[in-house]
Amino acid sequence: MRTAFDSANPLADGRGAVWSKLLPSDGSADTDNDGAHDSEGEGQRYRTIFISDLHLGTPGCQAAALLDFLKTHPSDYLYLVGDIIDGWQLRRKWYWPQLHNDVVQKLLRRARKGCQIVYVPGNHDEFARGFIGHSFGGIEVVQETVHTTADGRRLWVVHGDYFDGVIQCAKWLAYLGDNLYEFTLRMNRHLNSLRARLGLPYWSLSAYLKHKVKLALNYVMDFEVAVAHEARKLGHHGVVCGHIHRAEMRTIDGTLYCNDGDWVESRTALVEHFDGRLELIHWQADPSSLEYRQQAAAHVAPAGRAAGVAV
Ligand SMILES: [Mn+2]
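Offset between the sequence shown (1-based) and the working numbering: plus 1119.
What follows is the structure in C-alpha cells.
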C-alpha cells in the first residue's frame, strides 16, 4: 500500500510542505492557548505511555477522546508509535480541525514540560521518516528504538508496517468486522431467494465471506507472530508496535508482544506503571470530558465505530 508519497526526494514530494503547515519554524505555535486542555496531572501518572495510529488529519481520528486521555494521564516517557499524522489522506484532501491542532500543541507542551517524547513514524506518516535523527520541539524522530522498562525488560518499539511485506495477505481483509459479517448473512438469504427464483443453484455468500474473515484473522495472527519472532531474533524481551489497529498483549514463544491499538476505532494505549508493569488501557469518555461536551454540543450520538482507515 505504498503511494507516490514514498518518493525519495523530500523537497519534491511535499513532505516539507506538510511539516511547514504543522510545525511553524519559529517554534511559537506551542505557546498558543488551547484553552480547556491546558492543565495536566489530574489523573493517574504512568512511567510510560505508548500510543499509535492516531490518524490526525482524517475525520476518523478521535481527537477529543485522545485529548482527554493525554490530559488525565501524564507520563515520564511517551512513545508515538507511527501513523500519528495521516499524510496520505492530507495529500488527497486537507482536513485539519482545531482539535487536531490541539493534539499537536498538547504533545509539544508535554515535551516542553519534561516528558521525553519519541516519535517512530509509520507508513501513513512516512514523510516524517525524512526527518529521522532530528527533533521537533523536543520530540525526537527515530526509525525504531528500544525502551527499557523499570524492571529491566528491553522492548523493541517499531510501527510494524515493515511486516506487511513479509505477510502475503490483503490488508483490507483485516477490516471485515463482525457487524459486516452479520449483515452478509442476511444478504445471503435475500441473494439466494433471488437466485432460486432465477433457477440458479445455491451459492453461499456467507461461507465465502467467512473464509475471507478467517484469512483476516490469519493475517492478524501472522503479523503478531512475525513481529514477536523478529524481536526475539534481535535479542529483545518484547516488542511494542501498532499498525493493525488491534490492541493486544500476550507472550508469543517467550517474547512479549504488545500492540497499543489505535485512536480511530478502539481508543487504546499501552502504559507502563512505575514498577515496570504493563497494561492496555481502553479509553471511555466520562460526562465531564471534552469529548462528551463536544458531542453534546454537536447533538450527535456518542462515538461509534469510525469509518475504516487503511492500516
Ligand atoms: Mn500503519
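Note that beta-carbon positions come from the ideal geometry of N, C-alpha and C, so glycine has one too. For clarity, every value in this text was computed on a predicted model and none was experimentally measured.
Cβ pair residue i, residue j closer than 7 Å
i, j, result
"residue 1204", "residue 1388", "no"
"residue 1174", "residue 1383", "yes"
"residue 1243", "residue 1202", "yes"
"residue 1358", "residue 1350", "yes"
"residue 1233", "residue 1280", "no"
"residue 1379", "residue 1236", "no"
"residue 1408", "residue 1221", "no"
"residue 1324", "residue 1334", "no"
"residue 1364", "residue 1172", "yes"
"residue 1282", "residue 1347", "no"
"residue 1230", "residue 1256", "yes"
beta-carbon residue i near ligand 1 non-hydrogen atom, thresh 6 Å
i, result
"residue 1362", "yes"
"residue 1179", "no"
"residue 1311", "no"
"residue 1378", "no"
"residue 1202", "yes"
"residue 1241", "yes"
"residue 1280", "yes"
CB-CB length for residue i against residue j, believed under 8 Å
i, j, result
"residue 1165", "residue 1390", "4 Å"
"residue 1270", "residue 1395", "3 Å"
"residue 1401", "residue 1386", "7 Å"
"residue 1355", "residue 1277", "That belief does not hold up - the Cβ atoms of residue 1355 and residue 1277 are roughly 10 Å apart, past 8 Å."
"residue 1273", "residue 1262", "The Cβ separation is near 17 Å, so there is no contact."
"residue 1258", "residue 1226", "7 Å"
"residue 1208", "residue 1176", "5 Å"
"residue 1360", "residue 1200", "6 Å"
Environment of residue i [buried if 16+ CB atoms lie within 10 Å]
i, result
"residue 1376", "buried"
"residue 1083", "Residue 1083 cannot be examined here, being either before or after the span of the chain that is shown, 1120 to 1430."
"residue 1398", "exposed"
"residue 1405", "exposed"
"residue 1338", "buried"
"residue 1302", "exposed"
"residue 1275", "buried"
"residue 1342", "buried"
"residue 1163", "exposed"
"residue 1315", "exposed"
Quick check for students: name the residue ranges of the beta strand (DSSP E) that lie wholly in the region 1303-1351, counting only runs of 3 or more. With a minimum length of 3 residues, no continuous beta strand (DSSP E) run stays inside the region 1303-1351.
Give the list of continuous alpha helix (DSSP H) stretches no shorter than 4 residues that lie fully inside the region 1163-1213. DSSP runs (the alpha helix (DSSP H)) wholly in the region 1163-1213: 1182-1191 and 1206-1211.
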